[in-house]
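Asker:
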Amino acid sequence: MTTTASRAIRLCGTEQVDPQLRTLRAGPLSVELDNGALRYVRVGGIEVLRGISFLVRDENWGTDTPVLDDLQIDEKPDAFSVAYRGTSAGASGRLVYQARIAGGSDGALSFVVEAEPETDVLTNRTGFVVLHPIEGLAGKPVKVLHEDGREELSLFPDYIDPKCPFTGIRALSHEIVPGIWATCTMEGDAFEMEDQRNWSDASYKTYVRPLRRPWPYRLPKGEKFTQVVRLQLLGTLPAGTSKNPNPSINLTIGGAIGRVPRIGIGVAADEAKHALEVPELIRRLAPQWMVCQVDLRFGHGQDELESCAALAQLTGAGVVLEIITKGTLDPFSELAPLADAVQRLGLNLEAVSVFPAQDMKSVQPGAPWPAMPTFEQNYSAVRRAFPRVPLGGGMAAYFTELNRKRPPTGALDYATFTTCPNVHAADDVSVMETLQAIPHLIRSTRAFMGERLPLRIGPSQLGCRENPYGKSTAPNEANGRVCLSRIDPRQRGLFNAAWTVGYFAACARERIEAVAFGDFTGPFGYVYRKADFVQPWFDQQDGRMVYPAFHVMAGLSKLNGATLLFVGTSGADSIAAIAAEKDGRTTLWLSNLTAKKQPVQLSDTPISARIALLAADQFERAAADPNFMESSGRQLDDQFISLDAYAVARVDLHRSSST
1 MTTTASRAIR LCGTEQVDPQ LRTLRAGPLS VELDNGALRY VRVGGIEVLR GISFLVRDEN
61 WGTDTPVLDD LQIDEKPDAF SVAYRGTSAG ASGRLVYQAR IAGGSDGALS FVVEAEPETD
121 VLTNRTGFVV LHPIEGLAGK PVKVLHEDGR EELSLFPDYI DPKCPFTGIR ALSHEIVPGI
181 WATCTMEGDA FEMEDQRNWS DASYKTYVRP LRRPWPYRLP KGEKFTQVVR LQLLGTLPAG
241 TSKNPNPSIN LTIGGAIGRV PRIGIGVAAD EAKHALEVPE LIRRLAPQWM VCQVDLRFGH
301 GQDELESCAA LAQLTGAGVV LEIITKGTLD PFSELAPLAD AVQRLGLNLE AVSVFPAQDM
361 KSVQPGAPWP AMPTFEQNYS AVRRAFPRVP LGGGMAAYFT ELNRKRPPTG ALDYATFTTC
421 PNVHAADDVS VMETLQAIPH LIRSTRAFMG ERLPLRIGPS QLGCRENPYG KSTAPNEANG
481 RVCLSRIDPR QRGLFNAAWT VGYFAACARE RIEAVAFGDF TGPFGYVYRK ADFVQPWFDQ
541 QDGRMVYPAF HVMAGLSKLN GATLLFVGTS GADSIAAIAA EKDGRTTLWL SNLTAKKQPV
601 QLSDTPISAR IALLAADQFE RAAADPNFME SSGRQLDDQF ISLDAYAVAR VDLHRSSST
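Take 1 as the starting number for the sequence shown in full-length UniProt numbering and just add one per residue.
(1) What did DSSP end up calling Ala505 once you bin it into helix, strand or coil?
(2) If I'm right that Gly51 touches Pro28 with Cβ under 8 angstroms, what's the distance once you round it to whole angstroms?
(3) Might you give, ordered along the chain, the residues of its own chain that have their beta carbon closer than 7 angstroms to the beta carbon of Ala549, omitting 5 neighbours on each side?
(4) State the beta-bridge partners of Val43 as determined by DSSP.
(5) Assess contact between the segment 565-581 and the segment 250-264, defined as three or more Cβ pairs (one per stretch) separated by less than 8 angstroms. Is contact present?
(6) So, at 8 angstroms on beta carbons, what are the nonlocal neighbours of Ala138 in its own chain, with the 5 sequence-adjacent residues on each side left out?
(7) Evaluate Asp532 with the Cβ neighbour count: other Cβ atoms within 10 Å of its Cβ, from every protein chain shown; 16 or more gives buried, anything less gives exposed.
(8) Going along the chain, which unbroken runs of the alpha helix (DSSP H) with 4 or more residues stay wholly within the segment 453-525?
(9) Buried or exposed for Gly493, going by 16 or more other Cβ atoms inside 10 Å?
(10) Using the Cβ count rule (16 or more neighbours within 10 Å means buried), how would you classify Leu153?
(11) Using a Cβ distance threshold of 8 angstroms, determine whether the segment 596-604 contacts the segment 617-631, with at least three qualifying pairs required.
(12) In whole angstroms, what is the alpha-carbon distance linking residue 662 and Arg213?
(13) To which residues of the same chain is Val31 closer than 6 angstroms at the C-beta, ignoring the five residues directly before and after it?
(14) If you pair each beta-carbon of the segment 371-391 with each one of the segment 420-436, do three or more pairs fall below 8 angstroms?
(15) Does the segment 84-97 come close enough to the segment 115-122 that 3 or more CB-CB pairs lie under 8 angstroms?
(16) Give me the residue from Phe54, Glu59, Thr409 and Thr325 with the minimum Cα distance to Pro373.
(17) Considering Cα atoms alone, identify which of Cys483, Gly346, Ile160 and Ala371 is closest to Asp58.
(18) Which of the three DSSP states is assigned to Glu620 in this structure?
(19) Between the segment 130-144 and the segment 160-177, can you find at least three pairs of beta-carbon atoms closer than 8 angstroms?
(20) Taking a contact to mean a Cβ-Cβ separation below 9 angstroms, would you say Cys420 touches Trp199 in this structure?
(21) State buried or exposed for Ala367, treating a residue as buried only when at least 16 other CB atoms are found within 10 Å of its CB.
(22) Between which two residues does the alpha helix (DSSP H) containing Gly13 stretch?
(23) Helix, strand or coil for Ala647 per DSSP?
(24) Answer with yes or no whether the minimum CB distance from Ala268 to chain B is below 9 angstroms.
(25) Who are the near neighbours of Lys361 in its chain, counting only those whose CB is closer than 7 angstroms to its CB and skipping five residues on each side?
(26) With H, G and I counted as helix, E and B as strand and the rest as coil, what does DSSP make of Pro117?
(27) Tell me Lys205's beta-bridge partners as DSSP assigns them.
(28) Who does Trp589 pair with in a DSSP beta bridge?
(29) Kindly give me the distance between the Cβ atoms of Leu347 and Ala309, rounded to whole angstroms, as I take these residues to be in contact under 8 angstroms.
(30) Count the other CB atoms, across all protein chains shown, that sit within 10 Å of the CB of Trp369; report buried if there are 16 or more and exposed otherwise.
(31) I believe Leu556 touches Phe504 by the beta-carbon criterion, under 8 angstroms. Please report the beta-carbon distance rounded to the nearest angstrom.
(32) Smallest Cα separation from Leu276: which of Leu296, Arg634 and Ala312?
(33) Can you give me the start and stop residues for the beta strand (DSSP E) that Lys143 sits inside?
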């Protein structure tokens with residue numbers, strides 16, 4: 001049965017739609033109102049703050065989505081104001097608050113919240129969060145006014161800081177253009193800053209209540225509190241801008257800048273057998289390497305290794321065995337039975353990486369770690385159990401944990417970590433923004449692990465593999481956008497296809513060795529299978545179905561060994577692009593990272609070009625046809641490409657001369 005999917009399902013795999021942003025202006029000041037929060041605070045078109053929001057986070061660091069009532073918006077040419085009543089109600093308790101926002105043509109902005117818990121509220125954090133953007137600010141000066149009145153002239157961290165760069169904050173000031181300083185003042189509680197790039201967010205985050213205080217903590221019923229954030233500008237304000245909100249993006253392809261990274265796929269132990277049920281689709285994905293996880297906490301062993309060996313034979317991919325041990329002080333005794341099983345199966349490993357269970361939970365910087373094997377003891381046990389097999393090390397969890405607990409590099413053949421783009425926010429804009437942080441993660445890793453140590457990332461995906469910050473990943477019965485949940489509906493939509501191109505392109509530009517994504521099937525997969533979670537539209541279809549990102553993964557895998565080419569674009573934050581040359585042919589992959597249509601102009605003039613477009617209006621055909629990108633190609637008649645929301649294009653170019 002083939003039915004038509006809604007546009008919401010095609011784009012994001014869920015009928016739940018993100019609230020539309022509303023632009024408010026007062027002279028040169030502009031903000032985007034997003035369900036009561038503010039995004040993109042700009043003056044004269046210059047981004048001053050990435051966001052201001054009042055939020056409630058539960059004891060697992062899940063973020064409640066507030067319900068707004070009595071929303072009132074007043075706009076005038078030189079001022080705007082917003083007022084509403086917010087309600088946060090979840091398992092942690094119920095809190096209501098009155099919010100007032102005001103902005104003026106002098107660049108002044110205020111956000112006031114008066115809150116009252118209607119029940120006791122158990123929370124890890126409740127209050128204001130202020131985000132400063134990383135682009136243009138990393139490594140640049142900042143003036144910090146502390147709660148005790150002390151002033152400090154410092155720098156926003158360039159490499160990602162594993163600790164809080166600033167504590168006891170009352171105000172932060174930075175220069176937005178020469179001679180104009182923006183000062184953000186925070187009142188009502190103690191504030192500190194963390195480098196949110198640790199979690200792949202594209203921001204520095206100043207938040208309420210220092211982490212050195214105990215959490216979770218309780219907000220008593222009926223005990224009111226007030227918090228305020230104010231922004232002021234010093235200097236002559238730049239004039240407002242009248243930019244075309246959707247200009248054509250000019251794209252140029254240049255010369256060689258390196259090699260395309262090897263692309264791989266993660267294999268969760270409980271998904272390997274499902275993948276073997278669709279061998280023809282797995283072969284088409286053709287990953288160069290697989291990260292096969294064996295978790296001794298759950299008794300994994302011989303069966304999981306057999307499935308991994310079968311997948312290796314099916315795909316020809318190299319196998320990296322990722323082992324999570326129970327964390328005993330005798331790691332060799334845990335590893336020896338696995339090593340024997342690998343030998344019996346004749347499984348030829350490309351590499352092995354081993355992580356004690358204690359590494360899968362976060363520990364604050366400076367806090368004592370639990371009893372566990374040292375890095376040296378762990379690596380020695382791995383070398384003994386798997387002699388002559390290359391050893392990867394770092395963290396099976398996120399960059400955050402790698403940055404906080406840095407392993408010695410001498411014993412390692414490569415470093416590794418993963419990312420999760422929905423730790424702090426799960427809306428579409430925030431998740432896509434995390435792509436801006438990927439180069440910062442890579443450069444920072446090289447800064448403390450060494451430039452010469454090869455780097456691999458993954459498997460990474462939209463959903464959360466494991467939650468190091470709470471008891472478990474968050475449930476998602478409603479098939480919505482949920483922080484720290486294994487189930488992210490966008491995995492099944494065009495959103496994931498666009499995000500994957502952006503992620504791979506960012507890693508390629510930083511010249512890392514290898515990148516792994518997702519899984520063959522399941523919540524992180526590229527091939528549909530019936531599961532214990534709802535998958536709208538797909539659950540109603542007959543026959544084999546694939547998600548849009550399947551075509552991206554299968555296509556990028558064909559670039560194995562290709563020469564990476566420079567790509568210049570005038571809209572780097574809204575379009576992702578990667579170009580490569582192989583066997584005399586230039587291939588360009590493009591994706592629209594936004595929900596708005598984007599026009600792209602190819603600046604150089606090829607002799608001929610052929611385009612295959614993966615967009616919303618081809619969703620059903622692409623889901624049913626694993627050969628879609630090959631069968632749907634057409635001649636590109638001019639140099640203009642129109643990309644619909646989260647659309648992906650593959651362009652095969654035959655250029656008149658080598659650049």
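Note that beta-carbon positions come from the ideal geometry of N, C-alpha and C, so glycine has one too. Remember, it's a predicted structure, so these values are computed and weren't measured experimentally.
Answerer: In terms of the structure at hand:
(1) Secondary structure of Ala505 (DSSP, three-state): helix.
(2) Gly51 to Pro28, Cβ: 19 angstroms. No contact.
(3) Asn496, Ala497, Thr500 and Tyr526.
(4) When DSSP reads this structure, Val43 sits in a beta bridge with Leu29 and Ile46.
(5) Yes, since at least three Cβ pairs between the segment 565-581 and the segment 250-264 fall closer than 8 angstroms, the two stretches touch.
(6) Phe156, Pro157, Asp158 and His440
(7) exposed
(8) Runs of the alpha helix (DSSP H) inside the segment 453-525: 494-509.
(9) buried
(10) Residue environment analysis places Leu153 among the exposed positions, since fewer than 16 neighbouring C-beta atoms fall within 10 angstroms of its C-beta.
(11) By the criterion of at least three beta-carbon pairs nearer than 8 angstroms, the segment 596-604 is not in contact with the segment 617-631.
(12) Nothing about residue 662 can be reported from this structure: the residues present for the chain run from 1 to 659 only.
(13) Hits under 6 angstroms: Leu24, Leu38 and Val41.
(14) In this structure the segment 371-391 does not touch the segment 420-436; the number of beta carbon pairs closer than 8 angstroms is below three.
(15) yes
(16) Thr325
(17) Cys483
(18) helix
(19) yes
(20) yes
(21) exposed
(22) It is not in any alpha helix (DSSP H) - Gly13 carries neither H nor E in the DSSP assignment.
(23) coil
(24) Absent from the structure: chain B. Only one protein chain is present.
(25) Pro468
(26) The three-state reading of DSSP puts Pro117 in strand, counting E and B together.
(27) Here Lys205 is bridged, per DSSP, to Leu131 and Glu194.
(28) Ile578 and Arg650
(29) 5 angstroms
(30) exposed
(31) Right, their Cβ atoms sit about 6 angstroms apart.
(32) Ala312
(33) Pro141 to His146
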